[in-house]
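Engineer: Following this message is one structure expressed as structure tokens.
2 protein chains.
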Amino acid sequence: MGRTNTREEIVRKGAELIHAQGFNATGLQQILQAAGIPKGSFYFYFKSKEDFGLAIIDYFSAIIGEIFTHYLSDGKIPPLKRLEKLFGFFEAAFQKSGNARGCPIGNLSLELAGTNERLRLHLAGVIETLIAQLASCLEEAKRDQSIPSDLNTADTARFIFQGFEGAVMHMKVVKSIEPFQGFRNFLLEYFKNIYPPRLSAPRG
Amino acid sequence: MGRTNTREEIVRKGAELIHAQGFNATGLQQILQAAGIPKGSFYFYFKSKEDFGLAIIDYFSAIIGEIFTHYLSDGKIPPLKRLEKLFGFFEAAFQKSGNARGCPIGNLSLELAGTNERLRLHLAGVIETLIAQLASCLEEAKRDQSIPSDLNTADTARFIFQGFEGAVMHMKVVKSIEPFQGFRNFLLEYFKNIYPPRLSAPRG
DNA sequence: GACTTGTAGACGACTGGTCTATTATGTTAC
DNA sequence: GTAACATAATAGACCAGTCGTCTACAAGTC
Numbered sequence: 000m001g002r003t004n005t006r007e008e009i010v011r012k013g014a015e016l017i018h019a020q021g022f023n024a025t026g027l028q029q030i031l032q033a034a035g036i037p038k039g040s041f042y043f044y045f046k047s048k049e050d051f052g053l054a055i056i057d058y059f060s061a062i063i064g065e066i067f068t069h070y071l072s073d074g075k076i077p078p079l080k081r082l083e084k085l086f087g088f089f090e091a092a093f094q095k096s097g098n099a100r101g102c103p104i105g106n107l108s109l110e111l112a113g114t115n116e117r118l119r120l121h122l123a124g125v126i127e128t129l130i131a132q133l134a135s136c137l138e139e140a141k142r143d144q145s146i147p148s149d150l151n152t153a154d155t156a157r158f159i160f161q162g163f164e165g166a167v168m169h170m171k172v173v174k175s176i177e178p179f180q181g182f183r184n185f186l187l188e189y190f191k192n193i194y195p196p197r198l199s200a201p202r203g
Numbered sequence: 000m001g002r003t004n005t006r007e008e009i010v011r012k013g014a015e016l017i018h019a020q021g022f023n024a025t026g027l028q029q030i031l032q033a034a035g036i037p038k039g040s041f042y043f044y045f046k047s048k049e050d051f052g053l054a055i056i057d058y059f060s061a062i063i064g065e066i067f068t069h070y071l072s073d074g075k076i077p078p079l080k081r082l083e084k085l086f087g088f089f090e091a092a093f094q095k096s097g098n099a100r101g102c103p104i105g106n107l108s109l110e111l112a113g114t115n116e117r118l119r120l121h122l123a124g125v126i127e128t129l130i131a132q133l134a135s136c137l138e139e140a141k142r143d144q145s146i147p148s149d150l151n152t153a154d155t156a157r158f159i160f161q162g163f164e165g166a167v168m169h170m171k172v173v174k175s176i177e178p179f180q181g182f183r184n185f186l187l188e189y190f191k192n193i194y195p196p197r198l199s200a201p202r203g
């Protein structure tokens, strides 16, 4: 087995188990056994479990980043519609796994930020990137005049992200998609009402 | 030392450590050593670490519930102002501990919901109660006519809670109060604009 | 004195991450 | 074709730490 294959196998299986059980609750033994890779190999590919954690975060970050890009940069669709589609995608994805696993980045953030500074910083970077992607989509919406020109897109993007993470947490703890749907509906309603700006004559 | 004292000491010290480090990352040994209580006593008061987890959740739930009640049921202040004050209190509390620990209920939810059904259900109950307290405050705001009469208070309360948890997560991962302040401002702005209801003209 | 309530901490079985010694594989030189 | 070497990969021991159990003992109460 080539070098990258083995390493990638460890990351993939590890990501899967960690997503379901958490970082601390998932032992290397379990990951390696599930992947059919001997224990000794692990420390050939990773310096420590902490380093492995970084790789796991990168793995999740890449997946989510691609999803964000795919939906939020789709020039064929108006910006706010893209956001809607993104949520629709996540809703379907969550339901496929019983709404029980939540957001891997959010999970790891709360579990590890308190005890590991390196992982915390890494996670913070990932989150910032995702928020920036949202903000950039909102900027397009502004040019599109579907949101007010004086709206602070950075703040709004952050608010959306926070709401998203909170909704996914709620979803996970009750194991139902409903809290996520509630969030999505609330947000879409918000965007529907935010424009045209109040009292100034409706958009013609 | 009377029965309740020892037990309470374990819970208090445990809650403190678990809040900072997480449930799995905190061993019984560490808690008991920090509290100066021998190991043997633990299993006199608790059947298992899982049962101890239930007690910890109850402990946090009681504290937060009291805070919610104190602020949200304060009849001397208009409902929406109470909400504002509640956020102000949390902001100060977060800063006092370096914005690094987050919400204990949120932390435990994401860490444990995936692996322990009993704890998950317990956490879900606590969350439902908190949302209900928010909703009840919003109901008062409705009677007060500071929010539209057709607003769904249950949905809105849930949305606020989700945003809150997401903001606190964000705060914890960047170790800064800013994300929380952003959330608070955004929400207050929302309430400022939601009423009086928009002429019902636009968007039609 | 007998019973309950609580303390004390050694002990067990097991799992955690880590490390060193060793084997397999591949490449090059002759 | 094979000897020499370097790198890729494995095996499993290692010890600290995990939760949980157990027996022995103190103190207080009837």
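In the order they appear, the protein sequences are chains A and X. Quick note on numbering that gives the first Met the number 0: the first sequence kicks off at 0 and runs consecutively. Quick note on numbering that gives the first Met the number 0: the second sequence kicks off at 0 and runs consecutively. Backbone N, C-alpha and C define an ideal beta-carbon position, used for all residues, glycine too. Quick caveat, the model's predicted, so the values are computed rather than measured.
(1) Relative to chain X, which residues along the region 172-190 of chain A have a C-beta separation below 7 Å, given in chain order?
(2) Please go through the same chain and pick out, in chain order, the residues whose beta-carbon is closer than 7 Å to the beta-carbon of Ile159(X), but skip the five residues on each side of it.
(3) Report the rounded CA-to-CA distance for Arg100(X) versus Leu137(X), giving the unit in angstroms.
(4) Asp154(X) touches chain A at which residues, Cβ-Cβ below 7 Å?
(5) What residue range is occupied by the uninterrupted alpha helix (DSSP H) comprising Phe190(X)?
(6) Pick from Leu31(A), Phe45(A), Phe86(A), Asp50(A): whose alpha carbon is nearest that of Ile66(A)?
(7) Sorted by chain position, which residues of the same chain lie with C-beta nearer than 8 Å to Thr5(X)'s C-beta, five sequence neighbours on each side aside?
(8) Classify Ala14(X) as buried or exposed, calling it buried when 16 or more other Cβ atoms lie within 10 Å of its own Cβ.
(9) Using the rule of at least 16 other Cβ atoms within 10 Å of the residue's Cβ for burial, across every protein chain shown, is Ile62(A) buried or exposed?
(10) Residues of the region 78-107 of chain X in Cβ contact with chain A at a cutoff of 7 Å, in chain order, please.
(11) So which of Lys191(X), Gln180(X), Ile176(X), Glu7(X) has the shortest CA-CA distance to Gln94(X)?
(12) When you compare only the Cα positions, how much space is there between Leu27(A) and Lys75(A)?
(13) Using only CA atoms, which one of Glu49(A), Glu164(A), Val173(A) lies nearest to Arg119(A)?
(14) Over the uninterrupted alpha helix (DSSP H) stretch that includes Leu85(X), give me the two end residues.
(15) What is the DSSP secondary structure of Phe67(X), counted as helix, strand or coil?
(16) Give me the residue from Gly124(X), Phe179(X), Ala54(X), Ala34(X) with the minimum Cα distance to Lys174(A).
(17) For Ala131(X), which residues in the same chain have their Cβ closer than 7 Å to its Cβ, ignoring the five residues on either side in sequence?
(18) Can you tell me which of Leu82(A), Glu188(A), Ile56(A) puts its alpha carbon nearest to the alpha carbon of Thr68(A)?
(19) Of all Cβ atoms in chain A, is any one closer than 9 Å to the Cβ of Arg117(X)?
(20) Quick one: Cα of Val172(A) to Cα of Asn192(A), how far?
(21) Inspect the beta-carbon positions of Tyr58(A) and Arg11(A) and report whether they are closer than 9 Å.
(22) Thinking just about the alpha-carbon of each residue, which of Ser47(X), Ala112(X), Phe163(X) is nearest to the one in Ile17(A)?
(23) What is the DSSP secondary structure of Lys38(A), counted as helix, strand or coil?
(24) Against chain X, with Cβ distances strictly below 9 Å, would His69(A) count as a contact?
(25) Nearest by alpha-carbon distance to Asp143(A): which of Pro77(A), Phe190(A), Asn106(A), Asp149(A) is it?
(26) Which two residues bound the contiguous alpha helix (DSSP H) that contains Arg100(A)?
(27) Under the rule that 16 or more other beta-carbon atoms within 10 Å means buried, what is Arg117(A), buried or exposed?
(28) For Phe22(X) versus Gly52(X), is the C-beta distance shorter than 9 Å?
(29) Under 7 Å Cβ to Cβ from Ala34(X), same chain only, skipping five residues before and after it: list those, please.
(30) Please classify Ala166(X): is it buried, with 16 or more other beta-carbons within 10 angstroms of its beta-carbon, or exposed?
Structural biologist: Walking through what the data contain:
(1) Answer in chain order: Val172, Val173, Pro178, Gly181, Phe182, Phe185.
(2) Within its own chain, the residues whose Cβ lies closer than 7 Å to the Cβ of Ile159(X), once the five positions on either side in sequence are excluded, are Leu133, Leu186, listed in chain order.
(3) Pairing Arg100(X) with Leu137(X), the inter-Cα distance amounts to about 28 Å.
(4) What Asp154(X) touches in chain A: Gly181, Phe185.
(5) In this chain, the alpha helix (DSSP H) harbouring Phe190(X) covers 177-193.
(6) The closest CA to that of Ile66(A), considering only Leu31(A), Phe45(A), Phe86(A), Asp50(A), is found on Phe86(A).
(7) So the qualifying residues of the chain are Ile36, Ser40, Tyr44.
(8) The Cβ neighbour count for Ala14(X), taken over all protein chains shown within 10 Å, is at least 16; the residue is labelled buried.
(9) Only exposed fits Ile62(A), as fewer than 16 other CB atoms lie within 10 angstroms of its CB.
(10) For chain A, the residues of the region 78-107 of chain X that bring a beta carbon within less than 7 Å of one of its beta carbons are Ala99, Arg100, Gly101, Gly105, Asn106, in chain order.
(11) Nearest to Gln94(X) by alpha-carbon distance, out of Lys191(X), Gln180(X), Ile176(X), Glu7(X), is Ile176(X).
(12) Cα to Cα, the separation comes out at about 44 Å.
(13) Nearest in C-alpha terms to Arg119(A), of all of Glu49(A), Glu164(A), Val173(A), is Glu49(A).
(14) Segment 78-95, the alpha helix (DSSP H) holding Leu85(X).
(15) Reduced to three states, the DSSP call for Phe67(X) is helix.
(16) Looking at Gly124(X), Phe179(X), Ala54(X), Ala34(X), the one whose alpha-carbon comes closest to that of Lys174(A) is Gly124(X).
(17) Take Ala131(X), set aside five residues on each side of it, and no residue of its chain has a beta-carbon closer than 7 Å to its own.
(18) With distances taken between Cα atoms, Thr68(A) lies closest to Leu82(A).
(19) Cβ-Cβ to chain A under 9 Å: no for Arg117(X).
(20) Each residue's alpha carbon lies about 30 Å from the other.
(21) Yes, these two residues count as a Cβ contact at 9 Å.
(22) Ranking Ser47(X), Ala112(X), Phe163(X) by Cα distance to Ile17(A) puts Ala112(X) first.
(23) Shown here, Lys38(A) sits in a helix according to DSSP, grouped into three states.
(24) Not a single CB atom of chain X sits nearer than 9 Å to the CB of His69(A).
(25) Measuring from the Cα of Asp143(A), the nearest candidate turns out to be Pro77(A).
(26) Careful: Arg100(A) lies outside any alpha helix (DSSP H) and carries neither H nor E.
(27) By the 10 Å Cβ count, Arg117(A) comes out exposed.
(28) Yes. Within cutoff.
(29) Answer for Ala34(X): Glu8, Ile9, Lys12, listed in chain order.
(30) Taking every protein chain shown into account, the CB of Ala166(X) has 16 or more other CB atoms within 10 angstroms, so this residue is buried.
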